[in-house]
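Once you know that position 332 of the sequence shown is 365 in our numbering, the rest is easy, because the numbers rise by one and skip nothing.
Just so it is clear, CB atoms sit at the ideal spot from N, CA and C, and this is done for glycine as well.
Just so you know, these numbers come straight off a predicted model, no measurement behind them.
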Amino acid sequence: MTAKTLSNGILRALGILLGIFLLGYFLYTIQSVIVYIIIASVISLIARPIILLLRRKLKFPNTLAVVTTMVLFLGIITGIIILFIPLITEQGKSLSLLQSDELQANIQNIFNQITAYFSSKGIDVLGELKSIDFTSQFKEIPNLLNSVLGTLGSLSVGLFSVLFISFFFMKDSRLLKNGVMTIIPNKTEGRFSKSLETINDLLSRYFIGLILQITILFVLYTIILLIFGIDNAVVIAFLCALLNLIPYVGPMIGAVIMFILSMTSNIGLDFQNEILPTTIYVMIGYFIAQIIDNFVSQPVIFSKTTKSHPLEIFLIIIIGGLLFGIVGMITAVPLYTALKVILKEFLSENKIVKSLTKNI
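Right under this line is the structure:
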């Protein structure tokens, strides 16, 4: 090996490393755009059956079917925002500086009732918490509200971007596919194109299955909260159902939110006779709904939409969480489904692949 060959090899390796670094930096810089494209892709997959229904059954032109679907989605988003206004208004009144004294008095009242309740049972667990200065906690509220307003501004830009990209993904269903195919070698274009069609179909069914799962939980939560007279029951139920999009962690966060909002809904009432029993009953109903979801809804919906065994899905979500955290848990099932389809197309004779993809 000559010195020239060696130096050329080193320069080539350095060039490749520099290229990888620049590509990584570029992707990091435009990460928000990548997120918009991913969200738009998910929306277009969810919208796909609706657009096909409008085109094939109702004979809508493609553009009209897309516009109708977009209007439907915008109506749903607007309805969700309107749905949250009462809860946000109510919490805003409590958190505003003008109402901080009243909120502090109510919290102090609940604190005193909790302390008295445990003291009557001979438990002094909260004894050392009496020295907490609640007033100081409200000094950070204006800064928090300013941060929330800034976040809402960013979300508005993101929402417009997602809707704009989604429109063109819906209008030209091959746009995203053609973009992917540009980086695929010519020899495998045909097989990869077939795989993408199957992936689109399965993921479309999967995301619709998620919507069905959330709807079932939403109905169950709403019934539970209405039975016990919790204020803004529909909004709380929707928020807690939406958190189930995060596997395993989401339901825990939802339980905490429902617990807190159930207590604050009855703030000012007697803790031992009103707040505590009502909150306990609501939480029992919440866990019953979770049992129904975990052992009935999820296994049936996911096994039908992804054509994977419930145990298989469980293990994939756990592995995704261990490797990439919450993001891994959320994306584990779609990525695994796509991987299975590709493996079946290119490694169909492999024994393991054949076993995993026999239902696809």
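Residue i to residue j, Cα distance in whole Å?
{"i": "I363", "j": "V268", "result": "23 Å"}
{"i": "Q132", "j": "L107", "result": "Any answer about Q132 is weak, because its pLDDT of 48 lies below 50 and its placement is not dependable; what the coordinates show is given next. Cα to Cα, the separation comes out at about 34 Å."}
{"i": "L130", "j": "L192", "result": "Per-residue confidence for L130 stands at a pLDDT of 42, beneath the threshold of 50, marking its modelled position as unreliable; the derived number appears in the next sentence. Approximately 30 Å between the Cα atoms of the pair."}
{"i": "Y314", "j": "M285", "result": "17 Å"}
{"i": "L236", "j": "K210", "result": "14 Å"}
{"i": "K337", "j": "G48", "result": "48 Å"}
{"i": "I25", "j": "F271", "result": "This structure cannot settle anything about residue 25, because the visible part of the chain is limited to 34 through 393."}
{"i": "K373", "j": "G361", "result": "17 Å"}
{"i": "I67", "j": "G353", "result": "20 Å"}
{"i": "G223", "j": "T215", "result": "12 Å"}
{"i": "Y394", "j": "G358", "result": "Nothing about residue 394 can be read from this structure; the chain reaches only from 34 to 393."}
{"i": "V104", "j": "G112", "result": "12 Å"}
{"i": "I63", "j": "R89", "result": "38 Å"}
{"i": "A266", "j": "L116", "result": "11 Å"}
{"i": "S295", "j": "I263", "result": "6 Å"}
{"i": "G52", "j": "L258", "result": "56 Å"}
{"i": "I110", "j": "N41", "result": "57 Å"}
{"i": "N451", "j": "P343", "result": "This structure gives no information on residue 451, because the portion of the chain shown stretches from 34 to 393."}
{"i": "T390", "j": "L85", "result": "27 Å"}
{"i": "V256", "j": "I325", "result": "Note that residue 256 is Ile in the sequence shown here, rather than Val. Taking the straight line from one Cα to the other gives about 14 Å."}
{"i": "I346", "j": "Q305", "result": "43 Å"}
{"i": "I375", "j": "I308", "result": "54 Å"}
{"i": "L39", "j": "F54", "result": "23 Å"}
{"i": "F59", "j": "S189", "result": "24 Å"}
{"i": "I217", "j": "E230", "result": "15 Å"}
{"i": "Y69", "j": "F225", "result": "24 Å"}
May I ask which residues mark the beginning and end of the alpha helix (DSSP H) holding residue i?
{"i": "I67", "result": "64–89"}
{"i": "E230", "result": "222–260"}
{"i": "F320", "result": "309–325"}
{"i": "F328", "result": "Unbroken run through F328: none, as it is neither H nor E."}
{"i": "I217", "result": "It is not in any alpha helix (DSSP H) - I217 carries neither H nor E in the DSSP assignment."}
{"i": "Y281", "result": "No alpha helix (DSSP H) holds Y281; DSSP gives it neither H nor E."}
{"i": "L355", "result": "343–379"}
{"i": "K92", "result": "Here K92 belongs to no alpha helix (DSSP H), and DSSP marks it neither H nor E."}
{"i": "S206", "result": "Taken as a continuous stretch (DSSP letters only), S206 belongs to no alpha helix (DSSP H), as it is neither H nor E."}
{"i": "K384", "result": "384–389"}
{"i": "I269", "result": "266–275"}
Assuming residue i and residue j make a contact with CB atoms under 8 Å, what is their CB distance in whole Å?
{"i": "N219", "j": "I247", "result": "Going by Cβ atoms, the distance from N219 to I247 rounds to 42 Å, so no, they are not a contact pair."}
{"i": "E378", "j": "S206", "result": "At roughly 20 Å, the Cβ-Cβ gap does not stay under 8 Å, so E378 and S206 are not in contact."}
{"i": "M316", "j": "A288", "result": "7 Å"}
{"i": "F261", "j": "T311", "result": "5 Å"}
{"i": "A322", "j": "L250", "result": "6 Å"}
{"i": "I232", "j": "A371", "result": "5 Å"}
{"i": "I83", "j": "T102", "result": "5 Å"}
{"i": "I72", "j": "V195", "result": "5 Å"}
{"i": "V366", "j": "I351", "result": "The Cβ separation is near 12 Å, so there is no contact."}
{"i": "A98", "j": "L87", "result": "4 Å"}
Determine, using beta-carbon pairs with one atom in the segment 240–260 and one in the segment 373–387, whether at least three such pairs fall under 8 Å. Cβ pair count under 8 Å is below three, so no.
Is it a yes or a no for the segment 76–85 touching the segment 190–204, going by three-plus beta-carbon pairs under 8 Å? Output reads yes: the segment 190–204 touches the segment 76–85.
Check whether the segment 39–48 and the segment 324–340 are in contact - that is, three or more C-beta pairs closer than 8 Å. Flag = no, the segment 39–48 and the segment 324–340 do not touch.
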